[in-house]
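Structure, as structure tokens:
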Amino acid sequence: MKPLVVEDLTVHYLTARGTVRALEKVFLELRSGEALGLVGESGCGKTTVAMAVLGLLAPNARILGGKILLDGRDLLSLGPEEMRSIRWKKIAMVFQAAMNALNPVHRVGEQILEAIRTHDGQMTDQKAAQRLEELCAMVGLDPARMKDYPHQFSGGMRQRAVIAMALSCNPSILIADEPTTALDVMVADQILGQLRRLQVEMGLSILYISHDISVIARSCDRMGVMYAGQLVEFGPTDEVLQRPLHPYTQGLMRSYPQIQGPRKRLEPIPGEPPNLLDPPQGCRFCPRCPENGGACPSERPPWIEYHKDHFALCHRIQV
Amino acid sequence: MNSPGSQSLVIFSEVTKLYRRRQSLLRRAGVDVKALDRVSFQIQPGEIFSLVGESGSGKTTCGRLLVRLEEPTSGQVIFDGKEVSSLKSGRIREFRRRVQMIFQDPYQSLNPQLTVFQTVVEPLLVQRYGSHKHREERVEQMLEEVGLRPAQDFLFRYPHQLSGGQRQRVAIARAMILEPTFVVADEPVSMLDASIQAQLLNMLLDLKERHNLTLLFITHDLATARYLSDRICVIFKGRVLELGPAESVIQNPRHPYTQALLKAVPTVNRRKEALPPPACPVDLLAAPSKGGCPFYARCPDCSGRCQEQEAPLQEVEQGHYSACFLHYG
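Here it is, written out as structure tokens:
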């Protein structure tokens, strides 16, 4: 069961300063009803993947290759009209910082109703109101507060409202881009719990995108790790976190201060991510990699399945 | 409370800070918002002291009071034996040399029109330090120390030509160049990526060792606070709820609020829990309390008196304090 497969997706951005090689042959597979996480640092291309899936890439983006298959159909071959019929109805997205994009002069309920109506103009008032109530129950909002304005909502409630809007057309796939960034720890924990509930109880497939590996660890069945436009590791979450294969994933794991276990000195990855105007030829991590050598700087590493379902993009892994 | 006051570098004594909030554009008279409510703590020389809290807890206000960006409504903020808000003009220059602040957002805290050199040299000019040649050497030395090597490559760059991590290094160089005794670091790494965060946290630890600094670290992140600090102070809605040695607070939290906070922290090692309990449509920011414990509405252990009375900080073990009636039996 694979409702969404991204194959060898390559995307460049044409800018005044040159070509930004944002994605290089990225692979993803979202199974039906699963939670999949995509983790990476800022500028690694994780949001570009989501935008490509929704057909919302910026005008200066060029898709150089690859496929995005939804139920076997290649979304990249669809026209704008066909894409519109898929967006929100099949695949919906909660954008980064969307909770700050609610219109401040309209009541929250009206804004959710608008989302419901936009996609089904025929709906009667009564049906729409009923749908609004359902959505409130799904995301944990008090229907009595639907007459409030966004400024009367806390950050967590606004995030719930935005999730309700994304779910208004009953999509089967939800993309959540940094769903809890800027929320307090306890509120974030509740939002992630709510999304998990939607995934399990309603069979929603969720693609989480986050810079925070612990958010992915909490919520996802499988995860991918991105670095500088390449997908460097992919596998079951527990596998990836407990037996990381790629030197970047290993470095990332050593960079996080822990709340449990002994207090040990962090071992940061030296250096900074490359400029994607001129990334390294082969493995993009190689300038920062302790294992760097041989073909690393010149050849794209092979994508190999080292354990069941556990892949990595690296020249140097020995098993 | 705490250890003998005479040795403390910083003393917060019953500090309250009210902000007047206008009710509407037209009506001027407003309501007071209590950002800090009788906050007391002391920071010992050479320690890293973390203030941990959620947004709106008052943690940043503490930092701003300390560097004299704000004045307390009541209570005293004392630095090295002198009350910060009543420093005479002659003393202020000295105070400004010894106390520095690092801000959260390196995209906003650096002047985009100044080069790295101009940004870092400015405090030296204000303090009338040495000759031009001296200052130049000092700036280069400082940049190397914060990891901008070779310094020559960075001197004449503008903030927009730097990555987030490099900008924060510049901000740290600027804060450190006058050899301060005490630095307030307000979420200095929260805007940065994990691998860069780790680099900067280690650098702060090294700077602290090398220069014998005392550091107030303000953060929402308990894991980072644990990594850096000697002691942690947990603050919620302007009140100190727990205070103690970092390991003790993390491993053995005593206040129900700290316990809830720790439970909510996602970790890399924690496996996914079973389905969470049904969501409760509760507005977490609401639930105000008058005079009682600020956490009572959400507290699993709250009792009748929590609503009316607040529990004073009580020493629950050596140097570890918690403000909860649970400890009173």
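Just so you know, the sequences run in chain order A and B.
Just so we're aligned, residue 1439 is where the first sequence starts under this note's numbering, counting upward by one.
Just so we're aligned, residue 2 is where the second sequence starts under this note's numbering, counting upward by one.
Backbone N, C-alpha and C fix where the C-beta goes; we use that ideal spot for every residue, glycine too.
Give the interface partners of residue 1697 of chain A over in chain B, defined as CB-CB distance under 8 Å, in chain order. Start at 1 with the first residue of the first sequence, and residue 1697 of chain A comes out as number 259. What residue 1697 of chain A touches in chain B: 223, 224, 227, 251, 263, 266, 268.
Tell me the residue span of the alpha helix (DSSP H) that contains residue 107 of chain B. Within the second sequence, residue 107 of chain B is the residue found at index 106, counting from 1. Per DSSP, residue 107 of chain B belongs to no alpha helix (DSSP H) and is neither H nor E.
The alpha helix (DSSP H) spanning residue 134 of chain B covers which residue range? What you label residue 134 of chain B is simply residue 133 of the second sequence in a count that begins at 1. Membership of residue 134 of chain B in the alpha helix (DSSP H) is indicated by the continuous run 133-146.
Beta-carbon neighbours of residue 198 of chain B, restricted to chain A and to distances below 9 Å: Within the second sequence, the letter at position 197 stands for residue 198 of chain B. The answer, in chain order, is 1693, 1694, 1695, 1704, 1706.
Do the CB positions of residue 1611 of chain A and residue 1573 of chain A come within less than 8 Å of each other? Taking the first sequence and counting its residues from 1, one reaches residue 1611 of chain A at position 173. Taking the first sequence and counting its residues from 1, one reaches residue 1573 of chain A at position 135. Contact: no.
If we cut at 8 Å on Cβ distances, does residue 56 of chain B have a partner in chain A? By one-based count along the second sequence, residue 56 of chain B stands at place 55. It does: the Cβ of residue 56 of chain B has a partner Cβ on chain A nearer than 8 Å.
Please list, in chain order, the chain B residues whose beta carbon lies closer than 8 Å to that of residue 1653 of chain A. As a working note, residue 1653 of chain A is residue 215 in the first sequence. Scanning chain B for C-beta atoms nearer than 8 Å to the C-beta of residue 1653 of chain A yields 267, reported in chain order.
Interface residues of chain B around residue 1716 of chain A at Cβ under 7 Å? In the first sequence, the residue the question calls residue 1716 of chain A occupies position 278. Within 7 Å Cβ-Cβ: nothing; residue 1716 of chain A doesn't reach chain B, min ~15 Å.
Beta carbon of residue 236 of chain B, beta carbon of residue 245 of chain B: below 8 Å? Position 235 of the second sequence holds residue 236 of chain B. Position 244 of the second sequence holds residue 245 of chain B. Not in contact: residue 236 of chain B and residue 245 of chain B (Cβ atoms no closer than 8 Å).
Buried versus exposed call for residue 329 of chain B [16 or more other C-beta atoms within 10 Å across all chains shown]: Numbered from 1 along the second sequence, position 328 holds the residue referred to as residue 329 of chain B. By the neighbour-count rule (16 or more Cβ atoms within 10 Å), residue 329 of chain B is not buried but exposed.
Under the three-state DSSP convention, the category residue 1500 of chain A falls into: Start at 1 with the first residue of the first sequence, and residue 1500 of chain A comes out as number 62. When secondary structure is reduced to three states using DSSP, residue 1500 of chain A falls in the strand class.
Give me, in chain order, the residues of the same chain whose beta-carbon lies closer than 6 Å to that of residue 256 of chain B; leave out the 5 immediate sequence neighbours on both sides. Here residue 256 of chain B refers to the residue found at position 255 when the second sequence is read from its first residue. Within the same chain, and ignoring the five residues on either side of residue 256 of chain B in sequence, the residues whose Cβ sits closer than 6 Å to its Cβ are 242, 243, 323, 325.
Closer than 9 Å between beta carbons: that is the criterion. Which residues of the segment 89-115 of chain B meet it against chain A? Residues are counted here when their Cβ sits less than 9 Å from a Cβ of chain A; for the segment 89-115 of chain B the count is zero.
DSSP has residue 245 of chain B in a bridge; who is on the other side? By one-based count along the second sequence, residue 245 of chain B stands at place 244. Residue 245 of chain B is bridged to B:233.
Buried versus exposed call for residue 1745 of chain A [16 or more other C-beta atoms within 10 Å across all chains shown]: Position 307 of the first sequence holds residue 1745 of chain A. Answer is exposed; the Cβ neighbour count stays below 16.
Here's a check: name, in chain order, each residue in its chain whose Cβ is nearer than 7 Å to the Cβ of residue 215 of chain B, leaving out the five neighbours to either side. Translated into positions along the second sequence, residue 215 of chain B becomes position 214. The beta carbon of residue 215 of chain B sits closer than 7 Å to the beta carbons of 10, 44, 46, 47, 48, 182, 183 from its chain, once the five residues preceding and following it are set aside; these are given in chain order.
With DSSP collapsed to three states, give me the class of residue 8 of chain B. To locate residue 8 of chain B, count along the second sequence from 1; it is residue 7. Note: residue 8 of chain B maps to helix in three-state DSSP.
Quick check: residue 1682 of chain A and residue 1747 of chain A, are their CB atoms within less than 8 Å of each other? Translated into positions along the first sequence, residue 1682 of chain A becomes position 244. Translated into positions along the first sequence, residue 1747 of chain A becomes position 309. No, the pair does not count as a contact, with Cβ atoms beyond the cut-off.
How would you label residue 1640 of chain A, buried or exposed, when you count the other beta carbons within 10 angstroms and need 16 or more for buried? For the purposes of this step, residue 1640 of chain A is identified with residue 202 of the first sequence, where counting begins at 1. Burial state of residue 1640 of chain A is exposed, judged by a 10 Å Cβ sphere holding fewer than 16 other Cβ atoms.
Taking only runs of the alpha helix (DSSP H) that begin and end inside the segment 1480-1563 of chain A, which ones reach a length of at least 4 residues, in chain order? Complete alpha helix (DSSP H) runs here, min 4: 1484-1492, 1518-1524, 1546-1557.
Spatial neighbours of residue 1445 of chain A within its chain, please: CB distance less than 8 Å, with the 5 preceding and 5 following residues excluded, ordered by chain position. Taking the first sequence and counting its residues from 1, one reaches residue 1445 of chain A at position 7. Closer than 8 Å at the Cβ level, and outside the excluded window around residue 1445 of chain A, lie 1465, 1504, 1505, 1506, 1507.
Considering only DSSP beta bridges, list what residue 187 of chain B is partnered with. Reading the second sequence from its first residue, position 186 is the one you call residue 187 of chain B. B:219.
Could you pull out every residue in the same chain whose Cβ sits closer than 6 Å to the Cβ of residue 3 of chain B, ignoring the five residues on either side in sequence? Looking up residue 3 of chain B in the second sequence gives position 2. Any answer about residue 3 of chain B is weak, because its pLDDT of 45 lies below 50 and its placement is not dependable; what the coordinates show is given next. Result list for residue 3 of chain B: 43, in chain order.
Can you find a C-beta in chain A that's less than 8 Å from the C-beta of residue 194 of chain B? Working through the second sequence from its first residue, we reach residue 194 of chain B at position 193. At least one chain A Cβ lies under 8 Å of residue 194 of chain B.
Taking residue 1432 of chain A as the reference, which of B:222, B:20, B:139 has the closest Cα? A query on residue 1432 of chain A cannot be resolved here, the shown segment of chain A reaching from 1439 to 1757 and no further.
Taking residue 95 of chain B as part of the alpha helix (DSSP H), name the residues at either end of that continuous run. Mapped onto the second sequence, residue 95 of chain B falls at position 94. For residue 95 of chain B, the enclosing alpha helix (DSSP H) covers residues 90-99.
Which chain B residues are close to residue 1624 of chain A, counting only those with a beta carbon under 8 Å from its beta carbon? Residue 1624 of chain A sits at position 186 when you count from the first residue of the first sequence. The contacting residues are 55, 261, 262, 265, 285.
Using the three-state DSSP reduction, which class does residue 1758 of chain A fall into: helix, strand or coil? Absent from the structure is residue 1758 of chain A, since the part of chain A shown begins at 1439 and ends at 1757.
Looking at chain A, is there any beta carbon in it that lies within less than 8 Å of the beta carbon of residue 280 of chain B? One-based indexing of the second sequence puts residue 280 of chain B at position 279. Its pLDDT being 42, under 50, residue 280 of chain B is placed unreliably in this model, and the coordinates cannot settle the point.
Residue 1597 of chain A - DSSP class collapsed to helix/strand/coil: Residue mapping note: residue 1597 of chain A aligns to position 159 of the first sequence, counting from 1. If DSSP states are grouped into helix, strand and coil, residue 1597 of chain A belongs with the helices.
Tell me whether the segment 1653-1665 of chain A and the segment 1456-1472 of chain A touch, counting them as touching only if at least three CB pairs, one residue from each stretch, are closer than 8 Å. Segments in contact, yes.
Confirm, please, whether the CB-CB distance from residue 1658 of chain A to residue 1526 of chain A is below 8 Å. On the first sequence, position 88 is the one that residue 1526 of chain A refers to. On the first sequence, position 220 is the one that residue 1658 of chain A refers to. In this structure, the beta-carbon distance from residue 1526 of chain A to residue 1658 of chain A does not fall below 8 Å.
Return the chain-ordered list of same chain residues with a C-beta closer than 8 Å to the C-beta of residue 1564 of chain A, the five sequence neighbours on each side being excluded. Here residue 1564 of chain A refers to the residue found at position 126 when the first sequence is read from its first residue. So no residue of the chain qualifies.
Ordered along the chain, which non-local residues of its own chain (more than five positions away) have a Cβ less than 6 Å from that of residue 14 of chain B? In the second sequence, residue 14 of chain B corresponds to position 13, counting from 1. Here the set comprises 41, 76, 77.
So, under 8 Å CB-CB, residue 201 of chain B and residue 193 of chain B are touching, yes? Tell me the CB distance rounded to an integer number of Å. Numbered from its first residue, the second sequence carries residue 201 of chain B at position 200. Numbered from its first residue, the second sequence carries residue 193 of chain B at position 192. Approximately 7 Å separates the beta-carbon atoms of residue 201 of chain B and residue 193 of chain B; this is inside 8 Å, confirming the contact.
Residue 176 of chain B in three-state terms, based on DSSP: Reading the second sequence from its first residue, position 175 is the one you call residue 176 of chain B. Look at residue 176 of chain B here: in three-state DSSP terms it is helix.
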